[in-house]
Amino acid sequence: MTTTNVLADASTSIAKPACIQTQAQDRIINRIKRIIKVHTYLDENKHGGFEGEIYADYRDGFDKDAIKKIFNHDGNKLELVYEMISKGYADYDHDCCYEVFETIKKYFDDDDFLGSDDFLGSDDFLEDEELLDDDKLSSTKAKLHEDDNEHLDFATHEDFIRNWVMENVCYSYPYDHYFKEDVLLNIMVDTGDGNYDFILNNLLGNSYSEKNLEGMEYSSLVWLMQQQGYSMDSITDFIEKGITAGSKLLESIEQEYENATSSMNTLTFFVQMPLGEALDLYELTQNFASADKDYIAGDLAKESVLDSTSESEKEPAESHITIAKGTSCGLFNPWDGSGSALEIELEQDVILPLRYIDSIKPDGCQGYGAYDVYGLLSSFWSRDSVKINGLPQGEPSKIAAWVA
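Per the working numbering, the sequence shown starts with residue 361, numbered consecutively.
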């Protein structure tokens with residue numbers, strides 16, 4: 361857990377005012393530490409300072425605008441998240457430090473603490489204490505007590521005490537609470553149809569086109585049917601002759617097309633996952649530049665038209681995600697807020713190469729959001745439905761590092 365203080369780092373040493381003798385300063389610090397240990401819940405760290413933890417309320421979280429800001433940020437998104445959280449708790453951090461200062465102020469001059477071992481002198485005195493007879497020991501302690509009352513007055517050393525607290529008392533922020541917060545993600549697929557404004561998913565014809573596969577080789581729906589185990593012969597029979605053979609997938613695609621209110625639709629999977637994992641997955645997809653899409657689509661066209669082998673029978677891409685078969689998916693148009701029924705019924709898990717992902721952003725970050733367009737509940741976005749697979753050697757997932 362990262363520890364932060366809005367005013368200073370706990371390991372920073374402070375300059376010793378010339379007016380304070382080293383021995384008196386050490387006693388002041390010992391006094392401060394004892395009060396903190398007895399009257400607060402702070403833990404002492406290896407630097408000699410103290411650490412506490414600020415807890416998030418269960419209602420705390422990023423709103424839609426904050427999520428949009430994070431995922432549409434051009435720079436380092438992780439740094440932005442830390443910055444937003446730190447700014448959000450900065451005032452509370454300062455209040456907590458001030459509360460510690462007030463606690464010290466309350467007990468610093470308390471007679472119950474005067475004369476205690478940490479207050480009575482150097483280690484040398486304590487080690488030699490047993491060598492003194494009772495009368496000498498009593499008089500020595502009385503003299504130290506008198507000296508301490510003079511030098512260890514709170515009002516006299518208030519500035520020193522305040523500076524010490526602000527530089528040595530730190531609080532950790534609840535970063536993990538925010539990284540574990542679920543976000544609603546729309547995974548938009550582009551197997552080459554993005555170069556045609558996603559109009560190639562109109563496979564079943566309309567008023568200005570016929571039912572056929574000609575020129576539709578880049579369609580994401582063609583890829584999906586292949587990936588679900590259908591041969592090109594079966595896909596051709598479905599598109600040109602309407603033969604579904606009892607297939608739930610093909611029947612749902614037919615219904616999806618008939619309910620489409622736009623000709624420009626993307627095949628979209630609707631999932632939800634923790635913010636940390638979503639950011640991790642987003643960064644992974646950025647390794648595949650959009651400039652490579654033409655090459656990818658060319659390969660897909662050859663697989664679709666010239667090869668009857670189904671996509672599911674081919675070896676998965678090196679880096680891909682596995683989407684559970686029960687995941688919500690369908691045709692959606694975020695650019696003008698339309699789409700279809702979003703009810704394509706998958707028959708098996710989907711293996712989606714990262715290079716086929718056009719966009720993976722929270723709902724509403726790219727045009728209109730399905731949440732508002734359809735009036736959906738967050739439960740529509742499938743939970744625990746995505747698994748990241750096949751990461752390149754030497755590039756482990758960063759998910760575990762988000763809350764380290």
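For glycine and all other residues, C-beta sits at the position ideal for the given N, C-alpha and C.
Limits of the unbroken beta strand (DSSP E) element including H680: The sequence position of residue 680 within the sequence shown is 320, counting from 1. Note, H680: beta strand (DSSP E), H680 to I683.
With H, G and I counted as helix, E and B as strand and the rest as coil, what does DSSP make of N390? Within the sequence shown, numbered from 1, the residue matching residue 390 stands at position 30. Three-state DSSP puts N390 in a helix.
Using three-state DSSP, classify G636 as helix, strand or coil. Taking the sequence shown and counting its residues from 1, the one referred to as residue 636 is at position 276. Three-state result, G636: helix.
Starting from M548 and walking both ways along the beta strand (DSSP E), at which residues does that stretch end? Counted from its first residue, the sequence shown places residue 548 at position 188. D542 to V549 is the span of the beta strand (DSSP E), which, as asked, contains M548.
Distance, Cα to Cα, I392 vs V746? By one-based count along the sequence shown, residue 392 stands at place 32. By one-based count along the sequence shown, residue 746 stands at place 386. If you take the alpha carbons of I392 and V746, they lie about 51 Å apart.
Check for me: the beta strand (DSSP E) holding G409 runs from which residue to which? One-based indexing of the sequence shown puts residue 409 at position 49. Element bounds for G409: n/a, residue is neither H nor E.
Does the beta-carbon distance from S700 to E574 come in below 8 Å? The count along the sequence shown starts at 1 and reaches residue 700 at position 340. The count along the sequence shown starts at 1 and reaches residue 574 at position 214. It is not a contact, given that the beta carbons lie outside the stated cut-off.
Please state if the CB of V529 and the CB of P722 are separated by a distance shorter than 8 Å. Translated into positions along the sequence shown, residue 722 becomes position 362. Translated into positions along the sequence shown, residue 529 becomes position 169. No. Outside cutoff.
Flag this pair as yes or no: are the beta carbons of L644 and L712 separated by less than 8 Å? Here residue 644 corresponds to residue number 284 of the sequence shown, with the count starting at 1. Here residue 712 corresponds to residue number 352 of the sequence shown, with the count starting at 1. No, the Cβ-Cβ distance between L644 and L712 is not below 8 Å.
Using a 10 Å radius around the Cβ and a threshold of 16 neighbouring Cβ atoms, would you call H517 buried or exposed? Mapped onto the sequence shown, residue 517 falls at position 157. The residue in question, H517, is buried, as its Cβ has 16 or more Cβ neighbours within 10 Å.
Beta-carbon proximity of D550 to Y716, cut-off 8 Å: Against the sequence shown, residue 550 aligns to sequence position 190. Against the sequence shown, residue 716 aligns to sequence position 356. Cβ atoms of D550 and Y716: closer than 8 Å.
Can you give the beta carbon distance from L545 to I389, rounded, assuming they're within the 8 Å contact cut? For the purposes of this step, residue 545 is taken as the residue at position 185 of the sequence shown. For the purposes of this step, residue 389 is taken as the residue at position 29 of the sequence shown. In fact, because the Cβ distance is near 51 Å, the residues do not count as touching under 8 Å.
Where does G552 land, buried or exposed, given buried means 16+ other C-beta within 10 angstroms? Translated into the one-based positions of the sequence shown, residue 552 becomes position 192. With 16 or more other Cβ atoms within 10 Å, it is buried.
List the endpoints of the continuous alpha helix (DSSP H) containing F461. Within the sequence shown, the letter at position 101 stands for residue 461. Residues K437 to Y467.
What would DSSP say about L402, mapped onto helix, strand or coil? Locating residue 402 in the sequence shown gives position 42, counting from the first residue. Three-state DSSP puts L402 in coil, outside helix and strand.
Buried or exposed: S594, going by 16 or more other Cβ atoms within 10 Å of its Cβ? Within the sequence shown, the letter at position 234 stands for residue 594. The residue is buried, with at least 16 neighbouring Cβ atoms inside 10 Å.
Considering only the alpha carbon of each residue, which of D425, K424, L512 and G435 lies closest to Y467? As a position in the sequence shown, residue 467 is number 107, starting the count at 1. Checked all of D425, K424, L512 and G435; the closest Cα to Y467 is L512.
Which of the three DSSP states is assigned to F692 in this structure? Taking the sequence shown and counting its residues from 1, the one referred to as residue 692 is at position 332. Strand at F692.
How far does the beta strand (DSSP E) with L712 in it reach, from first residue to last? Counting from 1 along the sequence shown, the entry for residue 712 is found at position 352. Here the beta strand (DSSP E) through L712 covers V710 to P713.
Start and end residues, beta strand (DSSP E) containing I595: For the purposes of this step, residue 595 is taken as the residue at position 235 of the sequence shown. Where I595 is concerned, there is no enclosing beta strand (DSSP E), although the alpha helix (DSSP H) it sits in stretches over M592 to K601.
When DSSP builds the beta bridges, which residues end up paired with F630? As a working note, residue 630 is residue 270 in the sequence shown. Answer is N546 and S688, bridged to F630.
What does the alpha-carbon distance come out to for the pair D453 and L609? On the sequence shown, residue 453 is found 93 positions in, with the first residue counted as 1. On the sequence shown, residue 609 is found 249 positions in, with the first residue counted as 1. If you take the alpha carbons of D453 and L609, they lie about 54 Å apart.
Of all the options H407, M444, G606 and Q708, which has the alpha carbon lying nearest to the alpha carbon of L584? For the purposes of this step, residue 584 is taken as residue 224 along the sequence shown, with counting starting at 1. When each option's Cα is compared against that of L584, the closest is Q708.
Is there a Cβ from chain D that is less than 8 Å from the Cβ of G412? Note that chain D does not occur in the displayed structure, where there is just one protein chain.
Contacting residues, own chain, Cβ-Cβ under 6 Å from D744 (five flanking each side not counted): Along the sequence shown, read from residue 1 onward, the residue named residue 744 stands at position 384. Closer than 6 Å at the Cβ level, and outside the excluded window around D744, lies no residue.
Taking the C-alpha atoms as reference points, what is the distance between Y442 and K465? Residue mapping note: residue 442 aligns to position 82 of the sequence shown, counting from 1. Residue mapping note: residue 465 aligns to position 105 of the sequence shown, counting from 1. Rounded to whole angstroms, Y442 to K465 spans 33 Å at the Cα level.
Measuring only the C-alpha atoms, how far is F431 from G724? Indexing the sequence shown from 1 puts residue 431 at position 71. Indexing the sequence shown from 1 puts residue 724 at position 364. Cα-Cα distance, rounded: 11 Å.
Where R419 sits in the DSSP three-state scheme: Taking the sequence shown and counting its residues from 1, the one referred to as residue 419 is at position 59. Note: R419 maps to coil in three-state DSSP.
Quick check: the Cα distance between I599 and L706, rounded to an integer number of angstroms? In the sequence shown, counting from the first residue as 1, residue 599 sits at position 239. In the sequence shown, counting from the first residue as 1, residue 706 sits at position 346. So the two alpha carbons sit approximately 18 Å from each other.
Rounded to whole angstroms, what's the CA-CA distance from E459 to L438? Just pull it up for me. Counted from its first residue, the sequence shown places residue 459 at position 99. Counted from its first residue, the sequence shown places residue 438 at position 78. Spanning the two alpha carbons is a distance of roughly 31 Å.
Identity of the residue in V582, D451, T621 and A426 nearest M444 by Cα: Taking the first residue of the sequence shown as position 1, residue 444 is located at position 84. The shortest Cα separation from M444 among V582, D451, T621 and A426 belongs to A426.
Simplified DSSP assignment, three categories, for I559: Looking up residue 559 in the sequence shown gives position 199. In the structure shown, I559 sits in coil (DSSP, three-state: anything other than H, G, I, E or B).
What is the DSSP secondary structure of S580, counted as helix, strand or coil? As a working mapping, residue 580 is identified with position 220 in the sequence shown. Looking at S580 - three-state DSSP - the assignment turns out to be helix.
Can you tell me whether DSSP reads N749 as helix, strand or coil? In the sequence shown, the residue the question calls residue 749 occupies position 389. Strand at N749.
What are the boundary residues of the beta strand (DSSP E) that includes S739? By 1-based counting over the sequence shown, the position of residue 739 is 379. Note, S739: premise wrong, no beta strand (DSSP E); not H, not E.
With 16 as the cutoff for other CB atoms within 10 Å, does D434 come out buried or exposed? By 1-based counting over the sequence shown, the position of residue 434 is 74. By the neighbour-count rule (16 or more Cβ atoms within 10 Å), D434 is not buried but exposed.
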